[in-house]
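What follows is a set of notes on a single structure, which appears directly below.
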Amino acid sequence: MDLESERLERSQLESLSTAELIRHALAETRLLVRAEVLHAKKELRDELKAARTAGILIGAGAVLALTSLAVLFVALGLALPLGAALGVLLVGVVLLAVAGGMLFMGTKRLPKKPLAHTQERLKLDYQLTRETLQ
Numbered sequence: 001m002d003l004e005s006e007r008l009e010r011s012q013l014e015s016l017s018t019a020e021l022i023r024h025a026l027a028e029t030r031l032l033v034r035a036e037v038l039h040a041k042k043e044l045r046d047e048l049k050a051a052r053t054a055g056i057l058i059g060a061g062a063v064l065a066l067t068s069l070a071v072l073f074v075a076l077g078l079a080l081p082l083g084a085a086l087g088v089l090l091v092g093v094v095l096l097a098v099a100g101g102m103l104f105m106g107t108k109r110l111p112k113k114p115l116a117h118t119q120e121r122l123k124l125d126y127q128l129t130r131e132t133l134q
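Sequential numbering of the sequence shown, starting at 1, is according to full-length UniProt numbering.
This is the structure:
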């Protein structure tokens with residue numbers, strides 16, 4: 001459906017009967033609902049992609065953090081006689097730093113406000129509808 005072909009000028013609207021006006025309003029409403037659903041679907045797909053990436057980073061970071069904690073505990077155990085433990089301790093610290101970075105990046109990529117654009121468009125549509133009907 002072509003958006004421009006559905007729009008009528010004010011003079012044309014004033015000459016229409018009540019039934020025709022209602023028919024036109026319903027057609028405009030159907031068009032608006034279809035557009036909003038399409039926008040919401042696209043926005044949801046984009047947010048799901050971001051959430052998937054964030055989930056992968058958070059999961060990998062959590063696994064790496066647990067692994068690095070295990071390495072740090074091994075290093076702590078080996079540190080008593082002090083010798084080879086220094087290398088194991090260094091690896092554990094580096095792994096823990098990498099895990100922290102991955103967890104940080106993953107939490108930053110999580111969507112903060114779901115479907116923000118759709119919510120804003122719906123609020124604007126609601127306000128415009130109220131102004132038009134008053």
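The beta-carbon is built from N, C-alpha and C at its ideal position, and this holds for glycine as well. The structure displayed is predicted, hence computed values, not measured ones.
Does the Cβ of residue i have 16 or more other Cβ atoms within 10 Å, making it buried, or fewer, making it exposed?
| i | result |
| --- | --- |
| serine 11 | exposed |
| valine 71 | buried |
| leucine 84 | Per the sequence shown, residue 84 should be read as alanine rather than leucine. By the 10 Å Cβ count, alanine 84 comes out exposed. |
| alanine 27 | exposed |
| glycine 92 | buried |
| leucine 57 | buried |
| alanine 116 | exposed |
| serine 68 | buried |
| leucine 61 | For the sequence presented, residue 61 should be read as glycine rather than leucine. Classification for glycine 61: buried. |
What are the boundary residues of the alpha helix (DSSP H) that includes residue i?
| i | result |
| --- | --- |
| lysine 108 | 85 to 109 |
| glutamate 9 | It is not in any alpha helix (DSSP H) - glutamate 9 carries neither H nor E in the DSSP assignment. |
| lysine 123 | 116 to 133 |
Hey, residue i and residue j are a contact pair by Cβ (cut 8 Å); roughly how many whole angstroms apart?
| i | j | result |
| --- | --- | --- |
| residue 137 | proline 111 | Given that the chain is displayed from residue 1 to residue 134, the structure contains no residue 137 and the question cannot be resolved. |
| leucine 64 | methionine 102 | 7 Å |
| valine 88 | valine 98 | Actually they are not in contact, since the Cβ atoms of valine 88 and valine 98 sit about 16 Å apart, beyond 8 Å. |
| histidine 39 | threonine 118 | 6 Å |
| leucine 21 | leucine 13 | 7 Å |
- Message: Check whether the region 49 to 56 and the region 104 to 120 touch, using three or more Cβ-Cβ pairs below 8 Å as the test.
- Response: Between the region 49 to 56 and the region 104 to 120 there are three or more C-beta pairs closer than 8 Å, enough to call the two in contact.
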